[in-house]
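Okay, structure first, notes after.
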Amino acid sequence: MTVVAAAVSATLISAGPAAAATPPGCSSVSQIGATGYIKGTGGVTAASVKQYYGCGKNYSYVWVWESFRDNAWSSVYTAVVTRDGDRHGGVGKARPAYEVWSNGANTSGVCTYAVGQLMINDRPFAAASSEVC
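Each residue of the sequence shown is one higher than the one before, starting from 19 at the first, in the working numbering.
This is how it looks when you write it as C-alpha cells:
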C-alpha cells in the first residue's frame, strides 16, 4: 500500500501545470483556443497563457509554472486582445502572485486571443494563446 501511495504522489508532483480555477465573478468557464507558453531566458518554459469563455465574457489567464517560481521574476500581466490590437480587462500583479485572471471582457462577438507577460530580470517576456473567432 505504501508503494502505491508513493507512486501516486510522484505522479502528481511530476504533472504539468495545474488546471485553472475560475475567474472572480464567474463560476463556470471553458478554455477556448490553444495554450501559449511564455519562454524565459534560454527558452525555459516559465508560464502558460490561456483564454477562457464563460458568463458571456472572455477571460485571459496566466499561470507561472511551479518549476519556474524560484527564478528572478517580478510581475505577471494578462489581458484579452482583439484582432485590432486593443487590450481588454488587463490585470497585472506583483510577485508572489503566480496565477492571474483578467477581468471579464465583453468581446464575445469578435476574434480574440489571450496575452500574457512575465517580467524576468526586468525584461518582458510574452506569449499569446491562439486566436478564436
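Where a beta carbon is used, it is the ideal one built from N, C-alpha and C, also for glycine.
Residue interval of the beta strand (DSSP E) (run including residue i)
i, result
"Phe143", "Arg141 to Ala146"
"Tyr116", "Unbroken run through Tyr116: none, as it is neither H nor E."
"Trp83", "Element bounds for Trp83: n/a, residue is neither H nor E."
"Gly54", "Ser48 to Lys57"
With 16 other Cβ atoms within 10 Å as the buried cut-off, status of residue i
i, result
"Pro41", "buried"
"Ser45", "exposed"
"Thr59", "exposed"
"Asn76", "buried"
"Val67", "buried"
"Gly51", "buried"
"Val62", "exposed"
"Ser147", "buried"
"Gly54", "buried"
Cutoff 7 Å; reference residue i; Cβ partners in own chain excluding five residues on either side
i, result
"Cys151", "Cys129"
"Ala115", "Val94"
Chain-order list of residues whose beta-carbon lies under 8 Å from that of residue i (same chain, five-residue window excluded)
i, result
"Val109", "Tyr95, Thr96, Ala97, Val118, Trp119, Ser120 and Asn121"
"Gly43", "Cys73 and Gly122"
Sequence-distant residues of its chain with Cβ nearer than 6 Å to residue i (five each side left out)
i, result
"His106", "Val98, Ala123 and Thr125"
"Ile136", "According to the sequence displayed, residue 136 carries Leu and not Ile. So the list reads Ile56, Ala64, Ala65, Trp91, Val94 and Phe143, once near-sequence residues are dropped."
"Val80", "Ala65, Val67, Val94, Thr96, Val118 and Gly134"
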